[in-house]
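Visitor:
Residue numbers (UniProt numbering): 1 to 87.
This is the structure in structure tokens:
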């Protein structure tokens with residue numbers, strides 16, 4: 001899914017996390033860094049995903065960030081992203 005979202009013209013970087021739901025399954029949350037001047041909201045993102053991904057792979061939440069947090073080895077720090085969900 002990250003590969004598909006990364007091809008959107010407004011997206012510079014993306015990371016996606018699965019978040020467990022109280023019922024069953026999980027919700028997908030996209031964290032996006034926009035290109036300069038880029039604009040994106042959840043409705044537009046889901047419309048972009050529609051022809052490329054099954055509906056269960058569409059993100060249910062979208063966070064726009066200035067930058068993705070990184071670990072000391074320059075990988076996306078998904079623990080820090082997950083922490084944003086509880087703030």
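All C-beta atoms in this analysis are idealised placements derived from N, C-alpha and C, irrespective of residue type, glycine included. Note that the structure is predicted; figures quoted are calculated from it, not measured.
Would you mind reading off the limits of the beta strand (DSSP E) that contains residue 89?
Guide: Given a span of 1 to 87 for the chain in the structure shown, any question on residue 89 remains unanswerable.
Visitor: With residue 44 as the anchor, note down where its alpha helix (DSSP H) starts and where it stops.
Guide: Per DSSP, residue 44 belongs to the alpha helix (DSSP H) from 42 to 49.
Visitor: Per the DSSP calculation, residue 5 is bridged to which residue(s)?
Guide: The partner list for residue 5 (beta bridge, DSSP) is empty, contrary to what the question assumes.
Visitor: Would residue 45 be called buried (16 or more neighbouring beta carbons within 10 Å of its own) or exposed?
Guide: By the 10 Å Cβ count, residue 45 comes out buried.
Visitor: Using only the alpha-carbon positions, how far apart do residue 24 and residue 12 sit?
Guide: Taking the straight line joining both Cα atoms gives about 32 angstroms.
Visitor: Find out if the Cβ-Cβ distance for the pair residue 76, residue 65 is shorter than 7 angstroms.
Guide: Taking 7 angstroms as the Cβ cut-off, residue 76 and residue 65 do not qualify as a contacting pair.
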